[in-house]
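Asks:
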Amino acid sequence: MNIFRLTGDLSHLAAIIILLLKIWKSRSCAGISGKSQILFAMVFTTRYLDLLTAYISLYNTSMKIIYIGCSYATVYLIYAKFKATYDGNHDTFRVEFLVVPVGGLSFLVNHDFSPLEILWTFSIYLEAVAILPQLFMISKTGEAETITTHYLFFLGLYRALYLINWVWRFYFEGFFDMIAIVAGVVQTILYCDFFYLYVTKVLKGKKLSLPA
Amino acid sequence: ELDDIEKDEL
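Protein chains in written order, with our numbering: chain A, -5 to 206; chain B, 10 to 19.
(1) Distance cutoff 8 Å, beta carbons only. Does K58 of chain A sit that close to anything in chain B?
(2) Check the DSSP bridge columns for E137 of chain A and list the partner residues they point to.
(3) Would you kindly report the start and end of the unbroken alpha helix (DSSP H) that includes S117 of chain A?
(4) Whole angstroms is fine: what's the gap from L207 of chain A's alpha carbon to A177 of chain A's?
(5) Between the region 166 to 199 of chain A and chain B, which residues of the former have a C-beta closer than 8 Å to a C-beta of the latter?
(6) For a contact defined as C-beta to C-beta under 8 Å, what are the partners of R(-1) of chain A on chain B?
(7) Under 8 Å Cβ-Cβ, which residues of chain B neighbour N281 of chain A?
(8) Got a sec: is the Cβ-Cβ distance from I50 of chain A to anything in chain B below 8 Å?
(9) In this structure, does DSSP put D187 of chain A in helix, strand or coil?
(10) Would D85 of chain A pass as a contact of M131 of chain A if the rule is Cβ separation under 8 Å?
(11) In the DSSP assignment, the alpha helix (DSSP H) including S20 of chain A goes from what residue to what residue?
(12) Hey, out of A:V123, A:G2, A:V196, A:T115, whose CA is closest to L155 of chain A's CA?
(13) Tell me whether the beta-carbon of A122 of chain A lies closer than 8 Å to the beta-carbon of V193 of chain A.
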C-alpha cells in the first residue's frame, strides 16, 4: 500500500459519500444519472465477490463493504425514495451498449478463465465506462450542480491516483496488471474534458455549464 | 502469475 493507492481510495470514498449526502440532504437526485449508479453497483458487486472467499485485511474488507453499501443505498434513493426527483428524460444513455461489449470483452481478454476472474475483469472494464451515462446526462442538461462536479472530480481523481500507484508498484515491486492499467487509462481519459471544465470554471467559482 | 497475488486493490 503506497500513498497514491491510499489517497486514491480516500478520494473514491469521498466521492461516494459526497453523492450519497447530496441526495440525502437535498432529498433530490436531480442531475444525477441513475444508470451510472446502477453500473457502479454492478461494478462493486462483480468485483467484491471475493469478500465471500478471501480475507485480505480489515481495511480491504471494510472498504469493500462500505462501497457496496453506499452504492446500493444511492441506487435505492434514486429509484425508490426520491424517485419523483429522478430526471429520467435526460438519463437516456443506452447502457446495453456498454454492458454487452464489456461482457463480451471480459470473456475474450482476461488473466484466467475462471468465474471469479471473469467477473473481476468484467467489473474492471465496466468501471472504465460506467460514468458515461452521467457525463452524457450533463451534456444533455447543459449544466451540473456544483456538488455534483465535486463528486465527479473525486471520482475521476481516484483512478488517476491509481494509475500513479501502478507506476509506483511497477517501479518498486515489479507488479503490473495490464488489464487494470489499460482500463484505468481509458477511465481517466474520459474525465479529461470534465477535469478541464472543473479547473477552469468550478474552481473559479463559476457554475459548470455547457457549451463552455 | 497474477492470480496468485491476492487482489489487494479495491
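Backbone N, C-alpha and C fix where the C-beta goes; we use that ideal spot for every residue, glycine too. These numbers come from a predicted model, not from an experiment.
Replies: Let me lay it out:
(1) yes
(2) A:S203
(3) 109 to 123
(4) Residue coverage of chain A in this structure runs from -5 to 206, which leaves residue 207 of chain A outside it and unanswerable.
(5) F169, D171, A174
(6) E18
(7) No information on residue 281 of chain A is available, as it lies outside the stretch -5 to 206 that chain A covers here.
(8) yes
(9) helix
(10) yes
(11) -3 to 20
(12) A:G2
(13) no
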